[in-house]
Amino acid sequence: LLVTCSHFGAITMGGDVDPRVLRGKGGKNVMSNFKQYKVEDKCAGLIINDNSNLRVWREGELFDAIVGDPPYGVRAGAKKVGKRVKKNKKEKTPNPSTFET
36 LLVTCSHFGA ITMGGDVDPR VLRGKGGKNV MSNFKQYKVE DKCAGLIIND
86 NSNLRVWREG ELFDAIVGDP PYGVRAGAKK VGKRVKKNKK EKTPNPSTFE
136 T
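This is the structure:
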């Protein structure tokens, strides 16, 4: 979608929650698409982000339009990105029937 919008003159900024999508592999990545279509000057940047948690969307008018390909976050093999937070094991709740009276 970014390259298509850039082709029609838009200055674009893109993002994805999965950094592998932006990095690509085998020398192919998002920016190689811009170069192939000679619109790399129309890319303002790429960010690794989760749109539901990015505060920039809520702090004023930054963009003229937002283009996306929903449903957001629903795809084959979707994974969470970030550090795993170790949870403390919950203590077992005592069974009242085993208390001595």
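Under my numbering, the residue at position 24 of the sequence shown is numbered 59, and the numbers go up by one with no gaps.
For every residue, glycine included, the Cβ atom is placed at its ideal position computed from N, Cα and C.
Handout entry: Residues that DSSP places opposite M48 in a beta bridge
Key = For the purposes of this step, residue 48 is taken as the residue at position 13 of the sequence shown. In the DSSP output, where bridge partners are listed per residue, M48 has G80.
Practice task
Kindly indicate which three-state DSSP category K70 falls into: helix, strand or coil?
Solution key: Walking along the sequence shown from the start, residue 70 turns up at place 35. Of the three classes helix, strand and coil, the one that applies to K70 here is helix, per DSSP.
Practice task
Drop a sphere of 10 angstroms on the beta-carbon of F69, count the other beta-carbons inside from all chains shown, and report buried for 16 or more, exposed for fewer.
Solution key: Counting from one through the sequence shown, the residue named residue 69 turns up at place 34. It is buried - the Cβ of F69 has at least 16 other Cβ atoms within 10 Å.
Handout entry: Whole-number beta carbon distance between G80 and V65, since they are thought to touch under 8 Å
Key = By 1-based counting over the sequence shown, the position of residue 65 is 30. By 1-based counting over the sequence shown, the position of residue 80 is 45. Taking a contact as a CB-CB distance under 8 Å, the pair V65 and G80 does not count as one, their CB atoms being some 11 Å apart.
Exercise for the section: Taking 8 Å as the cut-off, decide whether the C-beta atoms of T39 and K77 are in contact. Expected result: Here residue 39 corresponds to residue number 4 of the sequence shown, with the count starting at 1. Here residue 77 corresponds to residue number 42 of the sequence shown, with the count starting at 1. Cβ distance not < 8 Å, so T39 and K77 don't count as in contact.
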